[in-house]
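These notes concern the structure reproduced below.
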Amino acid sequence: LKSKEYSSVSSVLTIMDRREDQTALHEDDMDYVDEEDDIDELKQHWVNEVCSPELFVYQKLLVERLREKLEKQEDLIEEERQGDATAVWRAGLYELETDRVNYLLRGYHRVRLAKIEKYVMYILKSPSIRARLSEEEFQYAQGYCDILEDLFQSALLRHLPEPYRSLDKQGNVNMIPEPDLEKYVFCRVLKDVGEYEVGPDKYMPLEKGHIYLLPYNPIRRLLSEYEAELC
Amino acid sequence: KPQKKKKKKKRERKMWAAKHEKLPFTSAQIEFMSEDTSISVTPLFKESMLTFVGGNYGPFRPGLTTDVPLWLALALKKNQKCNILTPHWLSVDYLQTKLEMEREEDTYLCEMPYHYLEIATQLLHHASDDVRQPDRVQVLIDDLYRIRSAKIRKSIQTMENDDPVQLTNYCAMELNYQRMWLLKAFDQMHALSVAQPSLLPPPPRPTAP
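As you go down the protein sequences, you meet chains Z and X in turn. If you read the first sequence in this note's numbering, its first letter stands for residue 1094, the second for the next number, and so on. If you read the second sequence in this note's numbering, its first letter stands for residue 68, the second for the next number, and so on.
In structure tokens form, the structure reads like this:
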């Protein structure tokens, strides 16, 4: 099974924020958003990004919600600092937590930027993958790509004969590095899936709560439906 | 004399590895992830609800057990503001039983809390007065980790081709330690099987249901 067959399933590519999916389906539940799990969700998104070869959709709503909460918390910390000794001690504890959340946010953005830099030309060329970037990431990717192309052109390609000057093709051969979707990953299954196709003619029962070592491609669909997570 | 040289190399290698830990997740990051685990504490202070980004904890009354995340429990402990109630699995009896169970099995790992190593290390380091028989517990945890790692190494030898594997009861640190090279090894085997299927032993035939 080649990766191209999987990439044609467009629904897999839009790995949306869980809440966005829910609010779209159940209009009545629009007000119910379990915001207490935001940090755990961000942690899982961070882990998923680090472990997977491809870039997921940017969790815009989640990040914005957390940033808002952090701002409010930082105001609270400032306020407490003006108070008595207990208030200052409380502020210290609050700050411990904001440090943790900031670390998660930074880690999440850093791993995404690293992936963007690694596959910048591939990402910018494909509109569906481009859609997974945030506004800022998209601007960053464009700027980075321009600089990279300038570097290659001025340092090397300019000095090569005409047929060899292209960055993206060498004759008919594609020269843009693509993420390898067949890379093996550790995956924890969150729901009993039963017999699942994990390769050409390979089936394996996937049980809830267990960790499996398998190629990334087959479990892409499970990831997008939150029936599995990487670890 | 040759034996002395060997020892020095091993220690140096370990120190070098710890310094240049380039795993996708460092041990410190795994520890960070474990610090969200909920743990029970008995506060030694009085305080109303503490409002955090991740939720509200409290109110705190001396003697009244409350559940807080591990990072908060450790912070309170460091300021001597609470006593930590060690989880039931961090006890001599439980660990002893698990160790015996591990010894009985050849390659199958017994069920342990996913973050057992990180949580145990942190509690024994910062709250050893809250753990019953901390020295004994430390020894048991070390033995468990060693036995499990040996079993993992042994079970890896049975992985002959690129077939997906179920990793039952692997814990965070053990998984992370195997991460870099095990995944790369499987990538290589997969590349080999795609290029020349005859190079790898055939997958076992599925048994009839």
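Just so it is clear, CB atoms sit at the ideal spot from N, CA and C, and this is done for glycine as well. Because the structure is a prediction, the values reported are computed rather than measured.
DSSP places Thr109 (chain X) within a strand segment (E or B) once states are collapsed to three. Between Ile1216 (chain Z) and Glu114 (chain X), the alpha-carbon positions lie close to 51 angstroms from each other.
Contact annotation: Lys251 (chain X) and Thr174 (chain X) have beta-carbon atoms that are not nearer than 7 angstroms. The three-state reading of DSSP puts Asp134 (chain X) in strand, counting E and B together. Looking at the DSSP output, Thr118 (chain X) bridges to X:Asn123.
Judged by DSSP in its simplified three-state form, Ala1224 (chain Z) adopts coil rather than helix or strand. In this structure, the beta-carbon distance from Pro136 (chain X) to Asp103 (chain X) falls below 7 angstroms. Contacts with chain Z at 7 angstroms (Cβ-Cβ) do not include Tyr244 (chain X). A Cβ-Cβ separation of about 7 angstroms places Pro91 (chain X) in contact with Cys1144 (chain Z) under the 8 angstroms criterion. If you compare the alpha carbons of X:Asp229, X:Asn236, X:Leu242, X:Gln245 with that of His257 (chain X), the shortest gap goes to X:Asp229. Taking 7 angstroms as the CB threshold, Val1194 (chain Z) lines the interface with chain X. Counting only runs of 4 or more residues that sit fully inside the segment 1230–1260 of chain Z, no alpha helix (DSSP H) segment turns up. For His1303 (chain Z), the closest Cβ of chain X is nearer than 7 angstroms. Judged by beta-carbon spacing, Tyr237 (chain X) lies within the 7 angstroms limit of Ile1304 (chain Z), meaning their Cβ atoms are closer than that value. Taking 8 angstroms as the upper bound for CB-CB distance, Leu166 (chain X) and Thr235 (chain X) are not in contact here, some 18 angstroms apart. Chain X has no Cβ within less than 7 angstroms of the Cβ of Glu1167 (chain Z). Residue-level contact check: Gly130 (chain X) does not touch chain Z, since none of the beta carbons of chain Z fall below 7 angstroms from its beta carbon.
Nearest neighbour of Leu141 (chain X) by Cα position, chosen from X:Asn123, X:Val261, X:Val120, X:Glu185, turns out to be X:Glu185. Contact between the segment 1224–1243 of chain Z and the segment 1263–1278 of chain Z is absent, with fewer than three C-beta pairs closer than 8 angstroms. Checking the DSSP bridge columns, you'll see Glu1290 (chain Z) partnered with Z:Tyr1296. If you check the CB distance, Arg1225 (chain Z) and Leu1148 (chain Z) come in under 7 angstroms. With 16 or more other Cβ atoms inside 10 Å of its own Cβ, His1138 (chain Z) counts as buried. Excluding residues up to 5 positions away in sequence, Thr153, Ser158, Val159 lie with their Cβ nearer than 8 angstroms to the Cβ of Arg199 (chain X) in the same chain. Apart from the 5 residues on each side of it in sequence, Ile1209 (chain Z) sits with its Cβ closer than 8 angstroms to the Cβ of Leu1148, Ile1216, Leu1226, Glu1230, Tyr1233, Ala1234, Tyr1237 in its chain, given in chain order.
About 6 angstroms separates the beta carbon of Leu111 (chain X) from that of Cys149 (chain X), a gap short enough to meet the 8 angstroms contact definition. Bounds of the beta strand (DSSP E) holding Leu152 (chain X) are 149–152.
Listed as beta-bridge partners of Leu1307 (chain Z) by DSSP are Z:Val1278.
In the structure shown, Ala1321 (chain Z) adopts extended strand secondary structure according to DSSP, grouped into three states.
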